[in-house]
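Presented below is the structure to which this report refers.
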Amino acid sequence: MGLVEEALAAVVLVEVVAPVVEADQVEAGSQRAPIEKYISLNGELRAAAVVATEVIQDMQSIHNSLPIGTAALGRAIIGAGLLASFLKNSGARISLHFKGDGPLGTVFAEGDESGAVRGFLINPQVHLPSKNGKLNVGSGVGKGTLTVATSVPTTKQPYSGSVEIQTGEIGEDIAYYLYQSQQIPSIVALGVFVETDHTVSAAGGVLVQLMPGAKEETIGILEKQVKKMRSVTEMVKAGLGPSQLVQEVLGEIKFRKLEIQRDMHYGCSCNITKVERSLILMGPGEIEILIQKNEPAQVTCDFCGRKYYIDQKTLSVLKDASKK
């Protein structure tokens with residue numbers, strides 16, 4: 037995503053529009069879902085879980101995605117939100133960038149330590165035949181790379197690492213990254229159930245990570261539980277909450293809930309300052325093309341759909357700034 041991502045953290049679309057200069061105020065999602073965190077009594081593992089059906093429905097409404105896109109982006113957003121729940125620094129965030137060769141194109145999700153999540157995919161209107169009665173998310177994503185980046189306000193550059201996409205099913209790929217790049221054995225179970233009318237009827241996820249020094253007995257219990265556990269969407273549709281999702285994974289391992297809780301919600305941090313910065317990064321030549329249209333330019337945030345209208349005077353100022 038290059039320079040535009042650095043400025044706006046989104047792919048933006050610039051086009052000529054009617055002469056309006058105020059930005060459309062598009063509300064991000066209003067639904068909230070508690071991310072609950074847990075630790076085993078033996079101190080050998082930690083976990084986070086969420087039931088996020090309404091949050092992912094907000095996401096689907098914003099992107100107007102078809103089932104494959106809803107499932108892929110929804111899983112990625114839940115995964116990013118769960119990972120971000122372990123961040124400690126205020127303003128810290130983590131992003132997942134699936135760059136596969138499947139028809140969905142780029143799938144990008146981001147979560148921050150406050151619980152805000154957002155994301156986008158290049159082709160939300162993709163339709164693919166089901167596979168074994170389930171949405172074929174793996175084929176939608178395809179083969180390629182998963183890049184995970186963690187940003188902290190106090191550091192200039194984010195820490196990032198990349199691995200090859202293993203299945204394209206999102207959860208397995210996140211777990212593979214955590215093990216290969218950070219040497220953290222993890223269970224990442226994510227699910228989004230989409231009805232035939234494209235609405236989301238169940239969505240959630242559970243993340244379990246082994247701590248250094250975990251005993252073989254604990255590992256063995258987890259391996260047995262994973263083999264027999266139900267899918268996340270089955271559990272959510274059955275009415276299970278976050279603690280019950282964790283119980284399904286941990287089995288006989290005793291655990292307790294931590295007091296720290298964040299509410300997952302779909303939120304976007306785009307603003308006019310970031311939009312102008314992204315235009316400056318385009319360079320004077322590209323800005324001049326917009327000026328020659330002799331009409332305001334429209335910039336659309338791919339995360340939330342909010343539109344910003346940049347008038348001719350502002351474009352000229354940005355062109356001068358891009359030369360410095």
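Mapping the sequence shown onto this note's numbering, position 322 (from 1) lands on 358, and the numbers just tick up by one. Note that the Cβ used here is the ideal one computed from N, Cα and C, for glycine as well. Given the structure is predicted, the values throughout are model-derived calculations rather than measurements.
For residue i, which three-state DSSP category applies?
| i | result |
| --- | --- |
| T254 | helix |
| S101 | coil |
| L132 | strand |
| E42 | Note that E42 scores a pLDDT of 33, beneath 50, so its modelled location is shaky and nothing firm can be said. |
| E146 | strand |
| D10 | Because the chain here runs from 37 to 360, residue 10 falls outside it and cannot be looked at. |
Which first and last residues belong to the alpha helix (DSSP H) in which residue i is found?
| i | result |
| --- | --- |
| K73 | Per DSSP, K73 belongs to no alpha helix (DSSP H); it is in the beta strand (DSSP E), 69-76. |
| Q218 | 207-218 |
| L326 | 320-328 |
| T350 | 348-358 |
| E284 | 278-286 |
| K192 | No alpha helix (DSSP H) contains K192, which DSSP labels as neither H nor E. |
| K179 | K179 -> no alpha helix (DSSP H), and no H or E assigned at all. |
| V162 | Run containing V162: none; DSSP gives neither H nor E here. |
Given a threshold of 16 other Cβ atoms within 10 Å of its Cβ, counted over all protein chains shown, does residue i qualify as buried or as exposed?
| i | result |
| --- | --- |
| P278 | buried |
| G256 | exposed |
| L77 | exposed |
| V56 | Low local confidence applies: a pLDDT of 33 at V56 is under 50, so the model's placement there is unreliable, and no value is given. |
| T269 | buried |
| I289 | buried |
Cβ atoms of residue j and residue i: under 7 Å apart, would you say?
| i | j | result |
| --- | --- | --- |
| Y74 | A83 | yes |
| L214 | I104 | no |
| I210 | V244 | no |
| A116 | D148 | no |
| A152 | I113 | no |
| P320 | S358 | yes |
| V91 | M300 | yes |
| A107 | V143 | no |
| S272 | V242 | For the record, residue 272 in the displayed sequence is Val; it is not Ser. Contact flag unset, no. |
Would the C-beta of residue i count as close to the ligand SAM, meaning under 6 Å from any of its heavy atoms?
| i | result |
| --- | --- |
| I201 | As presented, the structure is devoid of all ligands, the ligand SAM included, so that no description of it is given. |
Assuming residue i and residue j are in contact, meaning their beta carbons sit under 8 Å apart, how far apart are those beta carbons, in whole angstroms?
| i | j | result |
| --- | --- | --- |
| E324 | K355 | 6 Å |
| F134 | H99 | Their Cβ separation, rounded to whole angstroms, is 15 Å, which puts F134 and H99 out of contact at 8 Å. |
| G136 | V177 | 4 Å |
Just reading off the beta strand (DSSP E) that residue i is part of, what are its end residues?
| i | result |
| --- | --- |
| T336 | 333-337 |
| C300 | Reading off the sequence shown, one finds Met at residue 300, where the question assumed Cys. Segment 291-302, the beta strand (DSSP E) holding M300. |
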